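Numbering (numbering that gives the first Met the number 0) for the sequence shown: 0 to 199.
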Amino acid sequence: MKKKFGVVLILNFNNWLLDLELAFKNVADATRNQLYLLDGFITDNQSAEQIAPVDEEGLLYMYNLKYITAFLEKNGFRVETVKSLNYQKIHINDFHTVPGIKIPAGTKIYILPNETSDFVLSTEIEARSNYDLKGFYHITSLGWVLKSDVKAKFNQPSLFVKLARNLSLLNFYYYVQKIRHERQYKTKACMIKAVKVQWA
């Protein structure tokens, strides 16, 4: 790769790569100075390995920190800092603000958020919509549906969330949920900052 960048960001997509070694080699070729890598699925196993996740739908592989840092060092980086991240605020807010959508059979699913757009007729589907536009909900991998054609349901905040909010303790609540998540799923989210070094 001829073009190089002073700062390169890898934001939560290495778990979907078939060939991590090739990807890191290309990243190394494109990086002149600093690399920031975010991974929300760092496993807590002690050996340097990759694993194929069982319960994480869509992910190809998860890696432990030792495996990732070894790849970085092999491709000419020095790991400068590793910072633990807390995604619980995002996940909890999404749980409350992203609606569940029930789509009846025969509903028009449009290619674009416009009633003049081409469409297909759906089977009965239950999905979630991450965003809406001009009276339409977007359904990932399917397309757009009119809000008036479907039923949307929002999750309500739990008693603990309401109490934490009223007591200004939401940050503490997110921290507790982070610890619970890490213990239950044996994974954690990390940001790795690495700097490019000269080859010996």
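For each residue, glycine too, the CB sits at the ideal point set by N, CA and C. The structure displayed is predicted, hence computed values, not measured ones.
Span separating the alpha-carbon of residue i from that of residue j
i, j, result
"Thr115", "Pro103", "20 Å"
"Arg164", "Val97", "19 Å"
"Gly142", "Lys150", "16 Å"
"Glu79", "Met190", "11 Å"
"Ala199", "Lys73", "In this predicted model, Ala199 has a pLDDT of only 39, less than 50, meaning its place in the structure is not dependable enough to derive any value."
"Lys65", "Val26", "19 Å"
"Val194", "His90", "30 Å"
"Phe159", "Gln183", "19 Å"
"Asn13", "Leu111", "30 Å"
"Phe232", "Lys177", "Residue coverage of the chain in this structure runs from 0 to 199, which leaves residue 232 outside it and unanswerable."
"Lys101", "Ala126", "7 Å"
"Tyr60", "Val175", "27 Å"
"Ile138", "Ile124", "10 Å"
"Leu9", "Leu21", "One point to set straight first is that residue 9 is Ile, not Leu, in the sequence displayed. One C-alpha to the other measures close to 14 Å."
Cross-strand partners of residue i (DSSP beta bridge)
i, result
"Tyr35", "Leu8 and Lys192"
"Asp131", "Tyr136"
"Gln49", "Tyr62"
"Trp143", "Tyr109 and His137"
"Val78", "Ala193"
Nearest residue (CA-CA) to residue i, options the options
i, options, result
"Lys224", "Tyr62, Gly75 and Asn32", "With the chain running from 0 to 199 in the structure shown, residue 224 is simply not present."
"Tyr86", "Ile124, Pro52, Ile50 and Asp38", "Asp38"
"Ser121", "Thr106, Arg127, Asn113 and Pro112", "Thr106"
"Ala188", "Val6, Gln49 and Tyr62", "Tyr62"
"Leu58", "Asn11, Lys88, Leu84 and Asn92", "Asn11"
"Lys146", "Thr30, Ala51, Leu132 and Ser157", "Leu132"
"Asp148", "Leu168, Tyr109 and Tyr173", "Tyr109"
Distance cut-off 6 Å: residue i Cβ against heavy atoms of the ligand SAM
i, result
"Val26", "The ligand content of the structure shown is nil, which means the ligand SAM is not present either."
Limits of the unbroken alpha helix (DSSP H) element including residue i
i, result
"Leu21", "Leu19 to Ala29"
"Lys161", "Leu158 to Asn165"
Simplified DSSP state of residue i, which is helix, strand or coil
i, result
"Gln87", "helix"
"Ala199", "Since pLDDT at Ala199 reaches only 39, below the 50 mark, its modelled position is unreliable, and the value read off the structure follows with that caveat. Correct three-state label for Ala199: coil."
"Ile108", "strand"
"Val175", "helix"
"Thr115", "coil"
"Phe70", "helix"
"Phe40", "strand"
"Leu16", "coil"
"Glu123", "coil"
"Phe94", "helix"
Terminal residues of the beta strand (DSSP E) in which residue i lies
i, result
"Lys185", "Premise fails: Lys185 is in no beta strand (DSSP E) and is neither H nor E."
"Lys2", "Looking at the DSSP string, Lys2 is not in any beta strand (DSSP E), and its letter there is neither H nor E."
"Gly57", "Note, Gly57: premise wrong, no beta strand (DSSP E); not H, not E."
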